[in-house]
Amino acid sequence: MSEAYMKYVHTMHSLFETKFMEAYRGANVRKRRRLLPYLQALHRRWYYATLVEHTPFSPANLMEVICRHHEESVQLYPQAVLRTPTKVSSVDVRMLLYTAEDHPVCGDMRRLLEYCTPQVDLCEEECFTDVQALEVAELLSLNDPHYASFLLELAMWMKLLSKMPSLYMQRMQPSKRCEEILGLSNRELLQDIVEATIGMTAYGLRHSMPIPEHIFSESFVRNLLTKPLETDEIFARVFEVMGYELEDLLDISNMPVPEGVPLESLGYDMELLSGTFVMGIVLDRFFFTPFGHFLKIIRPLYALPFDLDEEIGEYINVCEDPQEAFVAFFAPCSSYTLTDLGLEVLNVTPTKENYFNADDLPFGTMKDAIFSDDHAFAIFVEMARQLSPLAFESQWNIVDEIFTFRVRLEGAPSVWMHLQMPDNMTLCHLYEELAQAFGLKDNEEFSFFHDKVENRFAEYPSAKRANRAKNPRKAACQTILSELDFEHMKFLILAAYNQAVPFAGEASTVRLQMELLSMTPPDPDEFYPRISRMSKDMKVRAVRRLEDDFEFPMM
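Those letters in the sequence shown? Residues 2 to 556, by our numbering.
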């Protein structure tokens, strides 16, 4: 690895180190060392979380850009390690290579089985004690007790450990199958580990939530890997199969209940309601973290930045209870894509939907100004968080295509225009352009429907309506135009509520019907958004509206 490459790696890592050390030094002196075994878990949450809200600028995505710019392997991943565990003064970074031929999990599985030789005494639940998990973690490429527990579960699932007779404990020893499995090449062993993890994930999801077994099958998990979905969509699909609507479940969970009245007496399915709350944690525990952080098959993305200072304070208190500490570091990501290793192992062709294109983040433009030193990078991140996602993206001209929409006013077909929008703008920005053109009130009372009809399952509400109705769909301000599947559905409907358009009467709801006409490269000589065409009636009525907006002095 070149010196120039490592300079950029250390610059980015300095952001984690600085925040971690500040939070650690400000924490309770007697309790804070409880956090140290979970340094890897903290780094995982930070590494996959965006640095700027609702943008792809996560350390994980930036790392791939850095690797490609310096022609280093994109399968290199940073790991946070304490320089001196006895005296916590700094956090170093070391790089691990994850390839099909030399994946760390293969060597780690061998080290785990060595630890279990000639035998190991486990807890009654067939898991490591806290002390054992920490001991094993020190032997592994990832010094993470969660990773040690994952490998133990995987070894038992692959039948690499077998039970020994014992009266008072779960005693295990390497099975006869070990020699056969561990004799495989690393590529073959990795393939077996991935297949085993798919089966183990399906089993873990089925037995951790009160949901019919047929939903979380191995084929379901395999489809989640090869055809990534947003986490909200996973929730919606699971509950749809069960005959529930996620929106209704969220409404029930937030309804006031008379004091002393059990929910069961009101007809609520308590198992289902409790399952709703734990599903996110369980998905991370059995799917996102194993396939993401441990195997590097997928790359999760958390849409909100990870606040180390706030989270460390909470984790220190949780770490008093080992059982709570085990689940405290799990939380569902917002979305995920396949890595290069994932494409190779799963034999999948990269597409815009399943793979993050590092070229979307122009490192050549950013490197000298942003990565010049640790201080400059930290300042950049803090400043960028004050900007909207659109403003942040527009600085780097991340515009692939221009969408041209034909927009018609419902009930007045002669009132229409062609509106050109950059693909990196959100539905909220689209609403602002439409509101200005059609004279809509800026009251944040609107919804877009990506359909020919007002289908609630294709709804993207304004933040105000989403919060009030607890709508599980992604809000319009979080939805970028390029994320919408216009290939299969070219129509949009805007329903603007509590409106009064000057040339459409006093309608309580104004509807605009939109159709995508074309997707073209941006013209460098044009400024977007822009209206490219307008009907005669639209022009006449727009002029009348302008006249109404201004009072001219009498001569």
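Backbone N, C-alpha and C fix where the C-beta goes; we use that ideal spot for every residue, glycine too.
Reduced DSSP secondary structure (H/G/I, E/B, other) of residue i
i, result
"R111", "helix"
"F357", "coil"
"R35", "helix"
"D233", "helix"
"E23", "helix"
"D122", "strand"
"R466", "helix"
"H55", "coil"
"H104", "coil"
"V89", "coil"
"S220", "helix"
"T130", "coil"
"F393", "With a pLDDT of 49 at F393, under the threshold of 50, the modelled position of this residue cannot be trusted; read the value that follows with caution. Looking at F393 - three-state DSSP - the assignment turns out to be helix."
"F330", "coil"
"T521", "strand"
"V239", "helix"
"H419", "strand"
"K8", "helix"
"Y529", "coil"
"L97", "strand"
"R84", "coil"
"Y169", "coil"
"S163", "strand"
"P291", "helix"
"I313", "helix"
"I182", "helix"
Neighbourhood of residue i by C-beta distance below 7 Å, restricted to the same chain and skipping five residues each side
i, result
"R33", "Y25, I317"
"A5", "H71"
"S150", "C128, F129, A134"
"R188", "A101, E102"
"H208", "none"
"I199", "E219, V222, R223"
"M539", "V416, W417, M418"
"E455", "I494, A496"
"V400", "P423, D424, N425, P523"
"C107", "N187, L190, L191"
"M2", "E73, M96"
Test: residue i CB closer than 7 Å to a CB of chain D
i, result
"H294", "Structure shown: chain D not included; a single protein chain is present."
Proximity winner among the options, relative to residue i (alpha-carbon distances)
i, options, result
"N144", "T12, H451, H44", "H44"
"H294", "L152, P351, Q174, A379", "L152"
"L191", "L226, C124, D109", "D109"
"T19", "F487, A42, W47", "W47"
"R466", "C128, A496, F487, T350", "A496"
"G343", "E311, P291, C334", "P291"
"P523", "R457, P423, L428, N444", "P423"
"R457", "E180, L493, K442, P38", "L493"
"R223", "R84, V349, E315, G184", "V349"
"A28", "E312, A42, E446, F487", "E312"
"L428", "E445, A413, L284", "E445"
"L482", "L431, A436, F528", "L431"
"P146", "S59, L40, S186, M210", "L40"
"A359", "E180, I67, G205", "I67"
"E125", "P119, Q171, V92", "Q171"
"V92", "V30, E527, F21", "F21"
Beta-carbon spacing of residue i, residue j below 7 Å
i, j, result
"H451", "M426", "no"
"E411", "Q514", "yes"
"I299", "Y356", "no"
"F287", "T202", "yes"
"L77", "L63", "no"
"P530", "E434", "yes"
"K297", "T340", "yes"
"L309", "C334", "no"
"P105", "S142", "yes"
"T521", "I403", "yes"
"L225", "C179", "no"
Sequence-distant residues of its chain with Cβ nearer than 6 Å to residue i (five each side left out)
i, result
"L518", "T405, R407"
"V121", "M173"
"Q80", "R95, L97"
"V541", "none"
Cutoff 8 Å; reference residue i; Cβ partners in own chain excluding five residues on either side
i, result
"I182", "M159, L161, L190, D193"
"C117", "A156, L162, M173, Q174, P175"
"E345", "A101"
"P306", "A50, T51, L52, V53, E54, R386"
"V544", "none"
"L37", "L83, P86, V89"
"A42", "D145, H147, F330"
Query raised in the report: Are at least three pairs of beta-carbons, each pair with one atom in the segment 159-176 and one in the segment 134-147, less than 8 Å apart?
Result: no
Query raised in the report: Touching or not, the segment 224-241 and the segment 277-295, by the rule of three or more beta carbon pairs under 8 Å?
Result: Result yes; three or more Cβ-Cβ pairs closer than 8 Å.
Query raised in the report: How about the segment 528-538 and the segment 413-432: do they share at least three Cβ pairs that are nearer than 8 Å?
Result: At 8 Å Cβ cutoff, the stretches touch.
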